[in-house]
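Written below as structure tokens is the structure these notes are about.
Numbering (my numbering), first residue to last: 194 to 460.
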């Protein structure tokens, strides 16, 4: 069976890392399949929301497969320049983590350990639903492996610099309750219920018009950390694409006329 399952459920793509025997660790083949799944989601306009999860009830993803580390990234005989270019311009060791061009909603159903690269994968999502047995941590601290899949950038944006730095420099694991308290988990559900809850939320999102939803996510990502004036400029430029569409008129007209909107386009 494939190491990554990409299953369509109407307008939702459920991406499952399918290596429960190794706590859903990612090797080279898994990373390639994840990259393909993310690109499919990005490019298919019939897909509105993606859910990322791991097979089984023990782990979401415990990071890179250190036993097969040589299969990740550039070839072992790659030049120094090729290796550096992969890190700076490539998709990422964990599949598609170093690109910022997916503005559709992403939900992570964190059903257990989310460690090292697995933590970074969870941070790729906009919303994280964690089970009560979930554990988050920079486990790679023990092995002198750096965070190279967005962890140093996304984690502080989610929980703030103080909590992020504690996790980064100590490698301490935090449970679902603490993850919820610091804002890393949006919801905590009983064991075995994360995917179910993620699907419920995905269906709610699918019922919304998708155009402004995507441009608002894009503006938030592009503007974060920039001076306010620059962020407002980005917001205006990105939002203008929706203002120029038929659907902005239809949305406001349906509100005034107290009827159900009929949108012509969703992006």
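C-beta atoms are modelled at their ideal positions from N, C-alpha and C, and glycine is treated no differently.
Whole-Å CB distance - residue i paired with residue j, under 8 Å assumed
i, j, result
"residue 360", "residue 341", "The Cβ separation is near 16 Å, so there is no contact."
"residue 170", "residue 231", "Outside the displayed span of the chain (194 to 460) sits residue 170, for which this structure offers no information."
"residue 486", "residue 208", "The question about residue 486 has no answer, for the chain in this structure spans 194 to 460."
"residue 228", "residue 267", "Residue 228 to residue 267, Cβ: 14 Å. No contact."
"residue 337", "residue 253", "In fact, because the Cβ distance is near 23 Å, the residues do not count as touching under 8 Å."
"residue 294", "residue 328", "No, residue 294 and residue 328 are not in contact; Cβ-Cβ is about 30 Å, not under 8 Å."
"residue 357", "residue 287", "Contact doesn't hold; Cβ gap of about 18 Å is too wide."
"residue 330", "residue 351", "Contact doesn't hold; Cβ gap of about 15 Å is too wide."
"residue 343", "residue 291", "6 Å"
"residue 251", "residue 216", "6 Å"
"residue 205", "residue 400", "Contact flag wrong, Cβ pair sits at about 12 Å."
"residue 424", "residue 408", "Not really, about 14 Å apart at Cβ, beyond 8 Å."
Residue interval of the alpha helix (DSSP H) (run including residue i)
i, result
"residue 424", "421 to 436"
"residue 312", "310 to 316"
"residue 462", "This structure leaves residue 462 out entirely; the chain is present only between 194 and 460."
Under the three-state DSSP convention, the category residue i falls into
i, result
"residue 281", "helix"
"residue 323", "strand"
"residue 201", "strand"
"residue 460", "Reliability fails at residue 460, whose pLDDT of 43 lies under 50, so the model's placement of it is uncertain and the value that follows must be treated cautiously. Residue state, collapsed to three classes: coil."
Endpoints, the beta strand (DSSP E) within which residue i is located
i, result
"residue 209", "205 to 210"
"residue 302", "299 to 303"
"residue 243", "242 to 247"
"residue 330", "328 to 330"
Which parts of the segment 334 to 410 are runs of the alpha helix (DSSP H), unbroken and 4 residues or longer, counting only runs that do not cross its ends?
344 to 352, 354 to 363, 369 to 375, 387 to 399
Pairs of beta-carbons, one from the segment 305 to 317 and one from the segment 254 to 269, closer than 8 Å: are there three or more?
yes
Segment contact flag, the segment 315 to 323 with the segment 262 to 272, C-beta cutoff 8 Å, min 3 pairs
no
Using 8 Å as the cut-off, can you tell me whether the segment 269 to 281 makes contact with the segment 359 to 374, which would need three or more C-beta pairs spanning the two stretches below that distance?
no
Using 8 Å as the threshold, is the segment 407 to 416 in touch with the segment 386 to 398, meaning 3 or more CB pairs across them?
no
Report yes or no: do the segment 323 to 334 and the segment 376 to 383 share at least 3 C-beta pairs separated by less than 8 Å?
yes
Taking only runs of the alpha helix (DSSP H) that begin and end inside the segment 217 to 273, which ones reach a length of at least 4 residues, in chain order?
221 to 236
How about the segment 235 to 252 and the segment 286 to 304: do they share at least three Cβ pairs that are nearer than 8 Å?
yes
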